[in-house]
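**Student:** Here's a structure for you.
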Amino acid sequence: MTNEQATREVDEPRGGELERRGYDAAAAQERWQRYWAEHDTFAARDDDSAERRYILDMFPYPSGDLHMGHAEAFAMGDVIARYLRLRGYDVLHPIGWDSFGLPAENAAIKRNAHPAEWTYANIETQANSFHRYGLSLDWSRRLHTSDPEYYRWTQWLFLRFFERGLAYRKASPVNWCPVDKTVLANEQVIDGHCERCGALVTKRNLTQWYFKITDYVEDLLAGLDELSGHWPERVLTMQRNWIGKSVGAWVDFAVPGRDEPIRVFTTRPDTLYGTTFLVLAPESALATELVTDDHREAFEAYLEQTKQASEIERQSTEREKTGVFTGRYATNPATGEQIPIWVADYVLADYGSGAVMAVPAHDQRDLDFARAFGLDVRMVVDTGEDDPASSGIATTGDGAYVHSGVLDGLTDKQSGVATIIERLTADGTGEAATTYRLRDWLLSRQRFWGCPIPIIHCPEHGEVPVPDDQLPVELPDLRGQDLAPRGGTDGQGPLAAATDWVNTTCPICGGPAKRDTDTMDTFVDSSWYFFRYTSPGYDRGPFDPEAVRRWMPVFQYVGGVEHAILHLLYMRFFTRVLHDMGMVDFTEPMQRLLNQGQVINQGKSMSKSLGNGVDLGEQIDRFGVDAVRLTVVFAGPPEDDIDWADVSPAGSLKFLQRAYRLAQDVASPVGADPATGDVALRRVTHGTIAQVTELIEGQRFNVAIARIMELVNAARKALDAGGGDDPAVREAAETVTIMLSLVAPYVTEEMWELLGHEPSVANADWPVADPALLVQESVTCVVQVKGKVRAKLEVTPDISDGELESLALADPNVQRALAGAEIAKIIVRAPKLVSIVPA
1 MTNEQATREV DEPRGGELER RGYDAAAAQE RWQRYWAEHD TFAARDDDSA
51 ERRYILDMFP YPSGDLHMGH AEAFAMGDVI ARYLRLRGYD VLHPIGWDSF
101 GLPAENAAIK RNAHPAEWTY ANIETQANSF HRYGLSLDWS RRLHTSDPEY
151 YRWTQWLFLR FFERGLAYRK ASPVNWCPVD KTVLANEQVI DGHCERCGAL
201 VTKRNLTQWY FKITDYVEDL LAGLDELSGH WPERVLTMQR NWIGKSVGAW
251 VDFAVPGRDE PIRVFTTRPD TLYGTTFLVL APESALATEL VTDDHREAFE
301 AYLEQTKQAS EIERQSTERE KTGVFTGRYA TNPATGEQIP IWVADYVLAD
351 YGSGAVMAVP AHDQRDLDFA RAFGLDVRMV VDTGEDDPAS SGIATTGDGA
401 YVHSGVLDGL TDKQSGVATI IERLTADGTG EAATTYRLRD WLLSRQRFWG
451 CPIPIIHCPE HGEVPVPDDQ LPVELPDLRG QDLAPRGGTD GQGPLAAATD
501 WVNTTCPICG GPAKRDTDTM DTFVDSSWYF FRYTSPGYDR GPFDPEAVRR
551 WMPVFQYVGG VEHAILHLLY MRFFTRVLHD MGMVDFTEPM QRLLNQGQVI
601 NQGKSMSKSL GNGVDLGEQI DRFGVDAVRL TVVFAGPPED DIDWADVSPA
651 GSLKFLQRAY RLAQDVASPV GADPATGDVA LRRVTHGTIA QVTELIEGQR
701 FNVAIARIME LVNAARKALD AGGGDDPAVR EAAETVTIML SLVAPYVTEE
751 MWELLGHEPS VANADWPVAD PALLVQESVT CVVQVKGKVR AKLEVTPDIS
801 DGELESLALA DPNVQRALAG AEIAKIIVRA PKLVSIVPA
């Protein structure tokens, strides 16, 4: 292609007069990016002209240029968006950036710059790469969560939660990352380490802001059933496990000298007779309160030791059990016995009340602890196995109750549980209960680059909301100032040092007051961004409720499974609150979810240390955008990982060039009647249309690409045999162009022009299969004699077994193979197989 050809107006008719030439990927990318931008090709119409579909990719964080993971994730979403657009839907496919967060802040500290500089520079880099990658995005709805016009509404939503009692502040033990110097929500601690930086997480007692997500726990759990079949089952399972519903009972253990009993949750109240001691979490307020002076020094030393271990390590059954005695005793309500109260790190403060009733005969960790400290072991369920007191192996199965008072003689666990709960309730020492693993969402962060919490602390009036007309509370500039996190025992972040910003007046009394110096967890920003896309310029609220009714719920959400708990659970919670506020009329924001796999290399995740990184930009420079997109989509099912060492973008490029040449060689005019062409090729074309449509609907994109490749081969064979004048060849080439545009937008725009059509192929209609051409006129039937193929018969698909048997026996080749021998057995599988076994 000449420079003049590459730069002239794309919408100038070109058609069949275009000279034969090779495909220039770089030039095509430049031309069509410009065309799509000038014509707003992918902007949602939002004009009631068609049924709407909202396709959403999890929006990116601007940590640098796009990488191979982005290449896969956004290619998958684009396949769906382009397909639905070609099917005639009005498609909303927006883009934005999750632009607050620690990476920007840490990079700024390292460079002695402001986080906004790093953030917005990276956003522009990524935006350019998104344009280059040929995504069908509606750029008119672009947003950044760090823009004041966006986080004004994040703050507005926080205040609505605050008014409803769903945002509150409390002192409690919290997860603390010593590297990032901020608190973390439970969901951001993975195997005891910071989800972002990998540092070992410790515990601190701090006053923090929380969202009361536990008020919605049952609704969140029940909603998973609604999503079954539309979301991946493994994601639903992960959410159910994180919510962690447990059914059992609260049991009260009276403590001499203390007004309130210790309340313990257990799923096995039927083993209460075997409880020989209680165990408290070291960091629990209960442990600090109950330990006697004689044991306090040992307890405090143990508490410090506990802070060095992760929660996973603490709960390991393989770990040596450690602990200290509190010096106090409690009363077992079933036996009346006084049992010792211990502190041990295998109990966590956020489980139940931070206390567990230890039944060492039937729980291995309790048994290991009992043996380590010489505590009683009493078997109360006889499973037929050896007594744990002598074997050292806890028995966890069902059996007959022994040494269990009113339960003795029972063998049914359900009856045992019901009986003991009935007795505890009658005695006033317990009750049936349900608990959850899920804890309220800790949203405070002791960092600068986040949405400020719109609360003013007044000495007289306490926590006072910033009035709505004073929103947004913008971050102070702090350019040239130290943004390094303080990380002191007060848990305050860098905003605390901005005294001119912190010192303010109370909106109620006008007296001196201080702003809250924490910022919000960035998961707050991403819990509602999908609503804003429906009306990004709306200034009377976070979104236009009417626009949300038109577009939502989101038809298809696409993103990584790593967000299965953190992001997806929070956004489901936010949507339910908005529903209860009357702002939306649904509770599940995402109808369908597609999780793409990772792009790895040589069997491992890509990293600089391993030296196995693959640069997306370099791959595009070498092979072109279309070849890279085709490669990631064709590599396997969307949810599977892609090993870049096992794929071939060079092979993808060769196929695209073959498809391009097919369009070049079509010689029949636009509008030529395909019914006058090669019927055999038309059957392949329409069979492909039917198959690819079904495969795309089922998100089997890689198999759909394989079918398109087969159609290219069939069309090429027919063209080489009969020439490019055959209208059936044009029909096949047009079908290939439209279907291939889902993954290869640039080359198919060029092909569409070569075929004589006005741009853009994105405005074409998805082909429809002709049912008459899907009916097979004949089927090849294989006839075997003694297992060897002796004949192939062309028969009708609906031939009967008897007719097929007669045809097979009459075939001359079959008769020669039988040579007059008697027939022992004939197996007929109409219409495809006849197997003859001579005597």
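Its first residue numbered 1, the sequence shown is counted upward by one per residue in full-length UniProt numbering. C-beta atoms are modelled at their ideal positions from N, C-alpha and C, and glycine is treated no differently.
Report all residues from its chain with a CB closer than 6 Å to the CB of THR292; omit the five preceding and five following residues, and keep chain order.
**Tutor:** Around THR292: GLY327.
**Student:** Going straight from the alpha carbon of ILE826 to that of ALA769, what length do you get?
**Tutor:** Roughly 38 Å separates the two Cα atoms.
**Student:** Between the Cα of CYS177 and the Cα atoms of ALA714, GLY192, ARG164 and PRO60, which residue gives the shortest distance?
**Tutor:** Answer by Cα proximity: GLY192.
**Student:** Consult DSSP for TYR401 and reduce its assignment to one of helix, strand or coil.
**Tutor:** In this structure, TYR401 counts as strand in the three-state DSSP scheme.
**Student:** What do you reckon, are the CB atoms on ALA663 and LEU594 nearer than 8 Å?
**Tutor:** The answer is no: Cβ separation not under 8 Å.
**Student:** Inspect the CB distances between the region 236-251 and the region 259-266 and report whether three or more fall short of 8 Å.
**Tutor:** Yes: at least three Cβ pairs fall under 8 Å.
**Student:** For my contact list, ALA821 and ALA839 are in at a C-beta cut-off of 8 Å; report their separation, rounded to the angstrom.
**Tutor:** Rounded, the Cβ-Cβ distance is 6 Å, consistent with contact.
**Student:** Return the chain-ordered list of same chain residues with a C-beta closer than 6 Å to the C-beta of VAL703, the five sequence neighbours on each side being excluded.
**Tutor:** Contacts found: LEU695.
**Student:** Just verifying my parser: in three-state terms, what is the DSSP assignment at ASN241?
**Tutor:** Of the three classes helix, strand and coil, the one that applies to ASN241 here is helix, per DSSP.
**Student:** Am I right that ALA334 and ALA361 are in contact with their C-beta atoms under 8 Å? What's the rounded C-beta distance?
**Tutor:** 15 Å between Cβ atoms; not a contact.
**Student:** By Cβ distance below 7 Å, which residues in the same chain neighbour GLN619 in space, the five residues on each side in sequence not counted?
**Tutor:** The residues are VAL628 and PRO649.
**Student:** Can you tell me which of PHE574, ASP643, LEU137 and ALA25 puts its alpha carbon nearest to the alpha carbon of ASP90?
**Tutor:** Of the listed residues, the one whose Cα sits closest to ASP90 is LEU137.
**Student:** Out of curiosity, what's the CA-to-CA distance linking ASP665 and ASP726?
**Tutor:** Their backbone Cα atoms lie some 11 Å apart in a straight line.
**Student:** Can you tell me which residues form a DSSP beta bridge with ILE339?
**Tutor:** ILE339 is bridged to ALA330.
**Student:** Could you pull the DSSP bridge partners for HIS457 from this structure?
**Tutor:** HIS457 pairs with GLU463 and LYS514.
**Student:** Hey, would you say the C-beta of ILE836 is under 7 Å away from at least one heavy atom of the ligand MN?
**Tutor:** As presented, the structure is devoid of all ligands, the ligand MN included, so that no description of it is given.
**Student:** Output the distance between the C-alpha atoms of PHE543 and PHE586, rounded to the nearest integer angstrom.
**Tutor:** Distance between the alpha carbons of PHE543 and PHE586: 15 Å.
**Student:** For residue 840, name the three-state secondary structure that DSSP assigns.
**Tutor:** As displayed, the chain neither begins before 1 nor continues past 839, which places residue 840 out of reach and without an answer.
**Student:** Hey, how far is the Cα of ASP720 from the Cα of ALA690?
**Tutor:** Those two C-alpha atoms are separated by around 25 Å.
**Student:** Could you tell me the alpha carbon to alpha carbon distance between residue 900 and ALA564, rounded to whole angstroms?
**Tutor:** Nothing can be reported for residue 900: it is not among the residues displayed for the chain, which extend from 1 to 839.
**Student:** Under a three-way DSSP split, which group does ILE642 fall into?
**Tutor:** Looking at ILE642 - three-state DSSP - the assignment turns out to be strand.
**Student:** For a quick check, are the C-beta atoms of VAL558 and MET76 less than 8 Å apart?
**Tutor:** For VAL558 and MET76, yes; Cβs fall inside 8 Å.
**Student:** Report the option in THR434, TRP441, THR693 and THR125 whose CA atom is closest to the CA atom of LEU166.
**Tutor:** The shortest C-alpha separation from LEU166 is found at TRP441.
**Student:** Using DSSP's beta-bridge definition, name the partner residues of ARG52.
**Tutor:** DSSP, once it has assigned bridges, lists ASP90 as partnering ARG52.
**Student:** Between which residues of its own chain and GLY636 is the CB-CB distance below 7 Å, once the five residues before and five after are set aside?
**Tutor:** Contacts found: ILE642 and ASN702.
**Student:** Ignore the nearest five residues each way along the sequence and tell me which others in THR780's own chain have a CB closer than 7 Å to its CB.
**Tutor:** If we look at THR780 and ignore the five residues flanking it on each side, its Cβ neighbours are LYS792 and GLU794.
**Student:** Using 8 Å as the threshold, is the C-beta distance between VAL633 and VAL743 below it?
**Tutor:** Result yes, Cβ atoms of VAL633 and VAL743 sit closer than 8 Å.
**Student:** Suppose the cutoff is 7 Å on Cβ atoms and the five residues either side in sequence are ignored; what does the same chain contact list for GLU313 look like?
**Tutor:** So the qualifying residues of the chain are GLY192 and ARG319.
**Student:** Please work out which residues of its chain come closer than 7 Å, Cβ to Cβ, to THR202, disregarding the five sequence neighbours upstream and downstream, and give them in chain order.
**Tutor:** Taken in chain order, the residues that qualify are TRP176, PRO178 and LYS307.
**Student:** Using only the alpha-carbon positions, how far apart do ALA121 and ALA675 sit?
**Tutor:** So the alpha carbons of these two residues sit roughly 55 Å apart.
**Student:** Identify, in the order they occur along the chain, each residue of the same chain with its Cβ nearer than 7 Å to the Cβ of HIS67, setting aside the five sequence neighbours on each side.
**Tutor:** Once the five neighbours on either side are set aside, the close Cβ partners of HIS67 are LEU616.
**Student:** Check whether the region 106-123 touches the region 198-215, counting contact only when three or more Cβ pairs, one atom from each stretch, lie closer than 8 Å.
**Tutor:** Judged by Cβ distances under 8 Å, the region 106-123 makes no contact with the region 198-215, as fewer than three pairs qualify.
**Student:** If we count Cβ pairs, one from each stretch, closer than 8 Å, do we get three or more for the region 268-283 versus the region 339-355?
**Tutor:** Yes, since at least three Cβ pairs between the region 268-283 and the region 339-355 fall closer than 8 Å, the two stretches touch.
**Student:** Give the list of continuous alpha helix (DSSP H) stretches no shorter than 4 residues that lie fully inside the region 22-75.
**Tutor:** You should have 25-39.
**Student:** Return the first residue and the last residue of the beta strand (DSSP E) that PHE369 is part of.
**Tutor:** Not the beta strand (DSSP E): PHE369 falls in the alpha helix (DSSP H), residues 364-373.
**Student:** If you drop the 5 nearest sequence neighbours on each side, which residues of the same chain put their C-beta closer than 8 Å to that of CYS509?
**Tutor:** Result list for CYS509: CYS458, GLU460 and HIS461, in chain order.
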